[in-house]
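Notes follow the structure.
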Amino acid sequence: MAGSTDLTTYWSSALNLRAGLRRLARMGRQEAFLAELAPRHLRWILRDWPVWTGAAQRPPLAPWRTWLLLGGRGAGKTRAGAEWLHGLVVGDRHFAGDPAGRVALVGETYGDARAVMIEGESGLLAVARRGERPDWNPSLRRLYWPRRGVVGQVFSASDPEGLRGSQFGAAWCDEIAKWAHPDETWDMLQFCLRLGSDPRRLATTTPKPLALLRRLIADAATMVTRSPTGDNAANLAPGFLDHLFARYGGTRLGRQELDGEIVEDREDALWKRAAIEAARRPAPADLARIVVGVDPPAGTGPGAACGIVAAGLDADGRCHVLADRTVERATPLAWASAAVALYRRLGADAIVAEVNQGGDMVRQLIAQVDTGVAVRAVRARRGKWLRAEPVAALYEQGRVVHCGRFAELEDEMCAFGLDGLAAGRSPDRLDALVWAVTDLVLARQAEPRVRGL
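Using our numbering, the first residue of the sequence shown is number 1, and each one after it goes up by one.
Listed below in structure tokens is the structure:
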């Protein structure tokens, strides 16, 4: 990496100043020291990111093409991303690189990119130094640094094809573990990073056990830093960490969301990720039957979701999971509309809906959207584990495959144990999957038949 010796010296100086300020703080003399500084020197210290940054938030000094920053919630990932990209654009000496006039910002959605990466409290507009603030045009989804002549274009991971035709010298990708199409979006971005002498990308995310993350970590050109939420405690609300660690400390969810760990399969889970990966197939052209499984929510409050999963059966009796269109915090009419839309798009034969929570209301809601939809009502008479166990057995037998990647559904499957999901969450997507597969395969096996027919 060009200038690595200068960078090492610069960062060493910044860290020495940081260590000195911390020593003064422990002695109770930091405030007095800062008060004696000239205003311009005080502004310089308070605004100098390298002085205040944590170890995981500093760009690696070793050569890298991809910097993967894995962190817990509130660990300072966004600030690190914004500081890196801004420093790269304005030519700060502690952020070596060549933006080549164009940089990309890729968020989970356009709304997330705008609210977090650009306009957020730790976003690009907030971290910009005086005279270096970019012009932001939301309608064009474009940033422009007039003094540097650099353009930043915003993209959504929900639309990988939107990257096609673009080219950049650097990219900042936020929350890649939440992207709807992680592999497709990441791969499409790589074709765009072809400007300048050293095109690079930074990915900031709270991790999940995704194939993309495993692939990046295994890549020799990737440098990984990890930042647990606790490392940023000084910048979080009082009591925030105590409350979360009391509830989630030591759990899989806590290890992922607070410690920034990639948590693999739960030991007692009914499904394993490796088996799901091995059973991924393209959708067949012809399916004998298609159904949409629906698990209605008990309410519309935070965390309430309506599971909507479609599956089809081929002529050989193999079940193909086709889509997960689960909606969260939706009104009854909204989730019914989502289920009917999937039914119509796939040309399904029926919607299989659990009616424990709504009884006839579920039928009425769907009829209100479309009277021509066939609805098969099912009622849960056994616990979720007992209902899911036979479906898991079908997976083990190779009789169920996934036609695509369904990250959130697969997360639920591989985190579902004897006691359900962590923190008492409801496995809405998994329930919808179970209803669909049960109707296609298991319910048919249980039907009485006349011998010889």
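Ideal placement from N, C-alpha and C gives every residue a C-beta, glycine not left out. The structure displayed is predicted, hence computed values, not measured ones.
CA nearest to the CA of residue i, picked from the options
i    : options                   : result
V89  : M413, L313, R200 and K178 : R200
G81  : Y395, W172, A330 and K384 : W172
P60  : T225, G420, A211 and P427 : T225
G165 : F191, D135, V127 and L37  : F191
D354 : A415, T206, V294 and L386 : It is worth fixing the name first, because residue 354 is Glu in this sequence and not Asp. Of the listed residues, the one whose Cα sits closest to E354 is V294.
R454 : I176, L421 and D360       : As displayed, the chain neither begins before 1 nor continues past 453, which places residue 454 out of reach and without an answer.
I351 : F416, L433 and D183       : L433
R315 : S122, V441, A32 and D174  : Sequence inspection shows Ala at residue 315; the Arg mentioned does not correspond to that position. Considering only alpha carbons, the answer is V441.
A377 : A75, T438, G239 and L258  : T438
A344 : I118, S158, M361 and V369 : Here the sequence assigns Arg to residue 344, which means Ala is not the residue at that position. Nearest option by C-alpha distance: V369.
L212 : P99, P39, I262 and G74    : I262
E396 : E31, R379, A278 and A367  : A278
P282 : L322, L34, A32 and G71    : L322
D419 : A38, L270, R381 and P284  : L270
A455 : S197, S156 and A285       : Past the edges of the chain, shown from 1 to 453, lies residue 455, and the structure says nothing about it.
R194 : E257, V103, V401 and H243 : V103
A298 : P284, V292 and E328       : E328
L394 : F33, H320 and N356        : H320
G317 : H86, G28, G398 and T78    : G398
R382 : A367, W435, L241 and L346 : W435
V373 : A380, D349 and G28        : D349
Boundaries (first-last residue) of the beta strand (DSSP E) holding residue i
i    : result
I308 : A305 to L313
L70  : T66 to G71
T206 : Counting along the chain, T206 falls outside any beta strand (DSSP E), and DSSP gives it neither H nor E.
V375 : V375 to V378
M223 : T222 to S227
V401 : V400 to H402
As assigned by DSSP and simplified to three states, the class of residue i
i    : result
E354 : strand
E119 : coil
R114 : helix
F33  : helix
W136 : strand
P302 : Unreliable positioning characterises P302 in this predicted model, as indicated by a pLDDT of 47, which lies under 50. The coordinate reading is nonetheless provided below. Three-state result, P302: coil.
V434 : helix
V321 : strand
D295 : strand
A338 : helix
P276 : Before going further, note that residue 276 is Ile rather than Pro in the sequence given. Three-state DSSP puts I276 in a helix.
L213 : helix
A348 : coil
L143 : strand
E108 : coil
R425 : coil
E161 : helix
G420 : strand
R261 : For clarity, residue 261 is Glu in the given sequence; the question names Arg instead. Correct three-state label for E261: coil.
R23  : helix
R255 : helix
R329 : coil
R281 : coil
R200 : strand
Run of the alpha helix (DSSP H) containing residue i, from where it starts to where it stops
i    : result
R247 : F240 to Y248
G87  : K77 to V90
D360 : D360 to V369
V151 : Where V151 is concerned, there is no enclosing alpha helix (DSSP H), although the beta strand (DSSP E) it sits in stretches over V150 to S156.
D174 : Unbroken run through D174 is the beta strand (DSSP E), A170 to D174; no alpha helix (DSSP H).
W454 : Missing from the structure shown is residue 454; the chain here goes from 1 to 453 and no further.
L125 : L124 to V127
T185 : P182 to C192
L409 : A407 to A415
Nearest-angstrom beta carbon gap, residue j and residue i [assumed within contact, 8 Å]
i    : j    : result
V309 : D324 : 5 Å
G101 : G169 : 7 Å
W385 : T222 : Not really, about 38 Å apart at Cβ, beyond 8 Å.
G312 : I290 : 4 Å
C414 : R273 : 5 Å
V154 : Y144 : Incorrect: roughly 12 Å between the Cβ atoms, too far for contact.
L69  : S227 : 7 Å
D231 : A75  : 6 Å
L210 : A177 : 6 Å
G67  : L202 : Here residue 67 turns out to be Trp, not Gly, going by the sequence shown. At roughly 5 Å, the Cβ-Cβ gap stays under 8 Å, so W67 and L202 are in contact.
R114 : G131 : Wrong, their Cβ atoms sit about 23 Å apart, outside the cutoff.
D174 : T204 : 5 Å
Y110 : R141 : 6 Å
R480 : L258 : This structure gives no information on residue 480, because the portion of the chain shown stretches from 1 to 453.
G83  : V116 : This sequence places Glu at residue 83; Gly is not what is there. So it is not a contact: roughly 14 Å between Cβ atoms.
I366 : A336 : 5 Å
Heavy atom of the ligand PLP within 7 Å of residue i beta-carbon
i    : result
R289 : The ligand content of the structure shown is nil, which means the ligand PLP is not present either.
Stretch pair the stretch 426-444 + the stretch 402-418: three plus CB contacts closer than 8 Å: When Cβ pairs closer than 8 Å are counted between the two stretches, the stretch 426-444 is seen to touch the stretch 402-418, the count reaching three or more.
The stretch 176-188 / the stretch 131-142 touching (three or more Cβ pairs under 8 Å): Below 8 Å, too few C-beta pairs join the stretch 176-188 and the stretch 131-142 to call them touching: fewer than three.
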